[in-house]
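Everything below concerns the one structure shown next.
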Amino acid sequence: MAIFTEKGHGGPESEGALSIIGAGMRVVGDITAEGVVKIEGTVVGTVRAGRQVLVAKGGEVEGDVVTREA
């Protein structure tokens with residue numbers, strides 16, 4: 101039985117990964133992710149995402165946002 105050798109699973113999983121800063125959460129510092137970052141809380145610092153940054157209702161970024169899609 102080969103657990104880690106299934107065909108079709110060779111691509112980077114982080115490309116589609118979702119990172120969430122939840123409501124009521126406050127992050128002070130920079131965030132870097134390769135996939136999507138969803139912000140429901142507060143980030144004080146730069147947010148860098150390789151794919152997309154989503155700021156939900158009530159979410160806040162006090163800093164720069166660097167991404168392909170915002």
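Under this note's numbering, the first residue of the sequence shown is numbered 101, with each subsequent residue one higher.
Heads up, the beta-carbon is just placed ideally off N, CA and C, and yes, glycines get one too.
Between residue i and residue j, what straight-line distance do the alpha-carbon atoms span, to the nearest angstrom?
{"i": "A133", "j": "A117", "result": "9 Å"}
{"i": "V136", "j": "T146", "result": "14 Å"}
{"i": "K138", "j": "Q152", "result": "8 Å"}
{"i": "R126", "j": "T167", "result": "21 Å"}
Report all residues from its chain with a CB closer than 7 Å to the CB of residue i; omit the five preceding and five following residues, and keep chain order.
{"i": "V128", "result": "V144 and G145"}
{"i": "V161", "result": "I139, V143, V147 and V155"}
Quick one: is residue i near chain D, going by C-beta distance under 9 Å?
{"i": "T132", "result": "The structure shown has no chain D; it contains just one protein chain."}
Excluding sequence positions up to five away, which residues of its chain have a Cβ less than 6 Å from the Cβ of residue i?
{"i": "I43", "result": "Missing from the structure shown is residue 43; the chain here goes from 101 to 170 and no further."}
Using 8 Å for Cβ pairs, my map puts residue i next to residue j. What's the rounded Cβ distance?
{"i": "G141", "j": "G163", "result": "Rounded, the Cβ-Cβ distance is 14 Å, inconsistent with contact."}
Next item on the list: Jot down the residue ranges of each uninterrupted beta strand (DSSP E) in the stretch 108 to 151, minimum 3 residues, whole runs only, in chain order.
Entry: 118 to 121, 126 to 128, 131 to 133, 136 to 139 and 142 to 144
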